[in-house]
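Engineer: In our numbering, the protein residues as written are 60 to 171.
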Amino acid sequence: MKRVIAIVRPEKMEVLKEALFAADVSGMTIAQVHGCGNQHGWKEFYRGTEVLINMVQKVKFELVVDDAKVEELVELICDIAATGEVGDGKIFISPVEEVVRIRTRERGADAV
Ligand SMILES: Nc1ncnc2c1ncn2[C@@H]1O[C@H](COP(=O)(O)OP(=O)(O)OP(=O)(O)O)[C@@H](O)[C@H]1O
Ligand SMILES: [Mg+2]
60 MKRVIAIVRP EKMEVLKEAL FAADVSGMTI AQVHGCGNQH GWKEFYRGTE VLINMVQKVK
120 FELVVDDAKV EELVELICDI AATGEVGDGK IFISPVEEVV RIRTRERGAD AV
């Protein structure tokens, strides 16, 4: 099992959520977050002074899926979230050791 974390533009939230449902994922967690990447934010004028807004609003999707599902999801997320401009977001993939469904105490792939 793998955890797929995708940080994307807020305006992509609805369409990405629907696409992930259509791809038959078993669950997901979504959070509104603030972050920055390579550019360390963006510049804006405030009362005539240029200020650096470091933390930009993004949406974080977190999904735990079978290994075999990861590449399909990466393709899907990239297809939907990309605009070609800086700030399109990132995907982080890491192993998950164990999953427990609290109601049934099922474990592992059965519990995903
Ligand atoms: N190395 C990182 N660690 C944790 N979060 C990150 C990292 N890089 C990016 N993020 C998160 O992803 C969001 C989008 O990052 P972003 O797409 O700007 O990455 P980038 O490396 O600057 O790429 P680009 O040059 O295309 O903008 C950030 O606002 C932040 O929330
Ligand atoms: Mg960036």
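Here a beta-carbon is modelled for each residue, glycine too, at the ideal position from N, C-alpha and C.
Closer than 8 Å by C-beta to Ile36: which residues in its own chain qualify, once you throw out the five before and the five after it? Chain order, please.
Structural biologist: No statement about residue 36 is possible, as the shown extent of the chain runs from 60 to 171 and does not include it.
Engineer: Looking at Ile150: is its Cβ nearer than 9 Å to the Cβ of Ala82?
Structural biologist: no
Engineer: Can you name the residues that DSSP bridges to Lys90?
Structural biologist: It is worth fixing the name first, because residue 90 is Ala in this sequence and not Lys. Paired residues: Lys119.
Engineer: Whole-angstrom Cβ separation of Ile139 and Val63, contact assumed at under 8 Å?
Structural biologist: Actually they do not touch by this definition, with Cβ atoms about 14 Å apart.
Engineer: Specify the secondary structure class of Val110 as computed by DSSP and reduced to three states.
Structural biologist: Strand at Val110.
Engineer: What first and last residue would you give for the alpha helix (DSSP H) that runs through Lys76?
Structural biologist: 72 to 81
Engineer: Keeping to the same chain, check which residues put their C-beta closer than 8 Å to that of Val110; ignore five residues upstream and five downstream.
Structural biologist: Cβ neighbours of Val110 beyond the five flanking positions: Lys102, Glu103, Phe104.
Engineer: Kindly examine ligand 1 and report whether one of its heavy atoms sits closer than 8 Å to the Cβ of Val63.
Structural biologist: no
Engineer: Keeping to the same chain, check which residues put their C-beta closer than 7 Å to that of Val159; ignore five residues upstream and five downstream.
Structural biologist: Arg166, Ala170
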